[in-house]
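J.: A single structure is presented below for examination.
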Amino acid sequence: MLFQLIDIDTFILFYYNFTMNEYSYIEIYKDKNILAVQKNHGIYVIPDRKNTVTPLIDILRHDYGEVYVTHRLDAGTGGLMIFARNKTAHRHISLQFEKSSVTKYYIAVTENKIVPQSLMLPIAKSNYGKYSINFKSGKKAVTSFYNLSSNDKGALILANPKTGRTHQIRVHIKALKAPLYQDFLYNKKVDDKRLTLQCFYMGFLNPANEKYISFTSNITNFMLQYINMLELSEKSVYQYNYESK
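If you're matching positions, the sequence shown starts at 0 in numbering that gives the first Met the number 0 and goes up one per residue.
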């Protein structure tokens, strides 16, 4: 039997791509300016403090060459992410995220259903890596919530954040007494750091022509496990008209 030697970086990337719950990312779209991917739950976008795992940005640079981060997702959150493929596109897209002009929709599997509403509750850093509602020192945070599917077991909720505060959806949805079904910080403590939260849709101005462009992801396998377990409607996610808002 013949063995071919490979360098350690190549081995780490190969191993990480094929052992982290089936995949680390799936390509959704690419052109000379934009790379849209679906990130799996449990994947860090940039190196974590301990630098113990290969982050998504390193994997993408290995696969595509020049790639720039324009926004973040919590490691436990899966779904759509937009990366830039040159410095000009990076400035253009990053500025839209900074101004909260990017349209974003997340799907969340929660313990309880909610009354559709928009929340404007300020968020501030608390302790132990957590954030909380704080009317004295918190920063403005606005999220709109809609019910997609629900029963006495749980709910599938659509979240449309208008601002981009850390843990915004997780904190706001807990304030509605409908925490994420799995959230090690804001619900029951579990060893699994993946969250029942996924970025499903994004729309923004294309840096190539200033025209509105949008992308949707597929429901991740992790989310589907909970949707099926709780007997919620997978179809409701795809039937919603994201372009109408």
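Just so you know, even glycine gets a beta-carbon here, dropped at the ideal spot from N, CA and C.
Where does the unbroken beta strand (DSSP E) through residue 116 begin, and where does it stop?
T.: Element bounds for residue 116: 116–119.
J.: Below 8 Å on the Cβ atoms is my guess for residue 129 versus residue 184; work out the distance and round it to an integer in Å.
T.: 5 Å between Cβ atoms; contact.
J.: Around the C-beta of residue 90, are 16 or more other C-beta atoms found within 10 angstroms, so that it is buried, or is it exposed?
T.: So residue 90 counts as exposed.
J.: Let me confirm a value: residue 243 is counted as buried when at least 16 other C-beta atoms fall within 10 Å, else exposed. Which label applies?
T.: With fewer than 16 other Cβ atoms within 10 Å, it is exposed.
J.: Note down the Cα distance separating residue 121 from residue 241, rounded to an integer number of angstroms.
T.: Each residue's alpha carbon lies about 26 Å from the other.
J.: Taking DSSP as the reference, what is the three-state secondary structure of residue 170?
T.: Residue 170: helix per DSSP, three-state reduction.
J.: Counting C-beta neighbours from all protein chains within 10 Å, is the total for residue 228 16 or more, i.e. buried, or is it exposed?
T.: Its Cβ having fewer than 16 others within 10 Å, residue 228 is exposed.
J.: Could you check the C-alpha separation between residue 142 and residue 95 for me, to the nearest Å?
T.: Cα to Cα, residue 142 sits roughly 18 Å from residue 95.
J.: Could you have a look at residue 144 and say whether DSSP puts it in helix, strand or coil?
T.: Strand, per DSSP.
J.: Buried or exposed: residue 160, going by 16 or more other Cβ atoms within 10 Å of its Cβ?
T.: Looking at its Cβ environment, which holds 16 or more other Cβ atoms inside 10 Å, residue 160 is buried.
J.: Could you check which residue in 55, 104 and 191 has the C-alpha nearest to that of residue 236?
T.: Checked all of 55, 104 and 191; the closest Cα to residue 236 is 104.
J.: Mark residue 222 as exposed unless 16 or more other C-beta atoms lie within 10 angstroms of its C-beta, in which case mark it buried.
T.: By the 10 Å Cβ count, residue 222 comes out buried.
J.: Residue 35 and residue 214: beta carbons closer than 7 Å?
T.: Cβ atoms of residue 35 and residue 214: closer than 7 Å.
J.: Please report the straight-line C-alpha distance between residue 187 and residue 194, rounded to a whole angstrom.
T.: About 12 Å.
J.: With 16 other CB atoms within 10 Å as the buried threshold, where does residue 220 fall?
T.: Per the 10 Å Cβ criterion, exposed.
J.: Please classify residue 38 as buried or exposed, where buried requires at least 16 other C-beta atoms within 10 Å of its C-beta.
T.: Burial call: buried.
J.: On the criterion of 16 or more Cβ atoms from any shown chain inside 10 Å, does residue 117 qualify as buried, or is it exposed?
T.: Flag for residue 117 reads exposed.
J.: Can residue 107 and residue 179 be called in contact, C-beta distance under 7 Å?
T.: Yes, the Cβ-Cβ distance between residue 107 and residue 179 is below 7 Å.
J.: Taking Cβ positions, are residue 23 and residue 58 nearer each other than 7 Å?
T.: A contact, by the Cβ cut-off of 7 Å.
J.: Provide the residue span of the beta strand (DSSP E) that contains residue 97, from first to last.
T.: Counting along the chain, residue 97 falls outside any beta strand (DSSP E), though it belongs to the alpha helix (DSSP H) covering 86–97.
J.: According to DSSP, what are the bridge partners of residue 159?
T.: The partner list for residue 159 (beta bridge, DSSP) reads 143.
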